[in-house]
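Beneath this line is the structure, given in structure tokens, with notes to follow.
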Amino acid sequence: MCRGVRAHIGQQHRFAHTVRVARFADSLAQAHQQNAERARVAGMLHDLARLYPPRVLLLESQARGLIITEFERRYPVVLHAPLGAELARELFSVNDEAVLSAIRKHTVAAANMSMLDCIVYLADGLEPGRDFPERSALVELAFRDLRSAMRLTIVSSLRYLAARSLTPAPQTLAAAEAFGVSVRDQEVIAAGTA
Ligand SMILES: [Fe+2]
Ligand SMILES: [Fe+2]
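Next up, the structure:
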């Protein structure tokens with residue numbers, strides 16, 4: 523699988539990220555008594571479509587009958603997650619719905635997330651190649667308490683988007699609500715943009 527992923531991604535930088543996400547997801551799964559192999563496979567395959575140009579993301583998604591939301595039309599890059607799940611199925615014969623779901627939700631999260639979905643989302647956002655001030659605290663939290671780590675990682679990503687005047691995806695806002703992002707958290711996000 524490793525060689526196939528490397529060939530498909532075709533860029534060392536993105537492939538190295540992929541391997542780090544797979545390893546991180548594996549350790550997180552073990553820490554939470556979840557299936558490490560599923561986590562590793564989802565990690566390895568999560569960014570198969572990450573380097574597709576916007577036009578290709580739209581065309582390839584359309585060709586597979588994926589429903590394209592208004593937000594995805596505006597920001598086609600987020601389509602690399604649902605399209606990635608389709609590619610995992612087609613190119614790597616992954617039929618495990620749990621793995622495909624984790625790939626689908628790794629970018630914008632969702633209101634309903636399984637433990638595996640959370641593990642892959644956190645591994646993608648917190649792998650050692652990421653560089654932001656709260657990363658190490660979030661990593662430590664992710665090994666102890668997945669839900670809290672989800673809540674604070676979503677806060678951190680909303681703050682990142684707000685600071686750059688980018689709109690969060692509706693699914694990310696739904697996830698924020700589902701994971702209990704509070705009014706206080708919202709204030710922290712707003713303060714970060716001031
Ligand atoms: Fe991604
Ligand atoms: Fe990624």
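My numbering applies: residue 523 is where the sequence shown begins, and numbers increase by one. Positions of the beta carbon are idealized from the N, C-alpha and C atoms, including for glycine.
- In this structure, residue 677 lies away from residue 642, with their beta-carbon atoms at least 9 Å apart.
- The shortest CA-to-CA distance from residue 626 to any of 595, 581, 682 and 693 is the one to 693.
- Judged by pairs of C-beta atoms under 8 Å, the region 603-611 does not touch the region 639-656, as fewer than three such pairs exist.
- Residue 530 has its Cβ no nearer than 8 Å to any heavy atom of ligand 1.
- The straight-line gap separating the alpha-carbon atoms of residue 561 and residue 688 is approximately 30 Å.
- CA-to-CA, the gap between residue 602 and residue 579 works out to about 7 Å.
- Comparing C-alpha distances from residue 699 to each of 632, 685 and 648 shows the shortest one belongs to 632.
- Taking 8 Å as the cut-off, one finds at least one heavy atom of ligand 1 near enough to the beta carbon of residue 606.
- Of 547, 660, 555 and 679, the smallest CA-CA separation from residue 564 is found for 547.
- At a threshold of 8 Å, residue 629 counts as near ligand 1, since its beta carbon sits closer than that to one of the ligand's heavy atoms.
- Look at residue 633 here: in three-state DSSP terms it is coil, with no helix or strand label.
- For residue 707, same chain residues with a beta-carbon under 6 Å away, outside a window of 5 residues either side, are 677 in chain order.
- Excluding five sequence positions before and after residue 634, the CB atoms of its chain that fall closer than 8 Å to its own CB belong to 700, given in chain order.
- The distance from the Cβ of residue 556 to that of residue 638 is about 6 Å, consistent with a contact at the 8 Å cut-off.
- At a Cβ-Cβ threshold of 9 Å, residue 532 and residue 567 do not count as neighbours.
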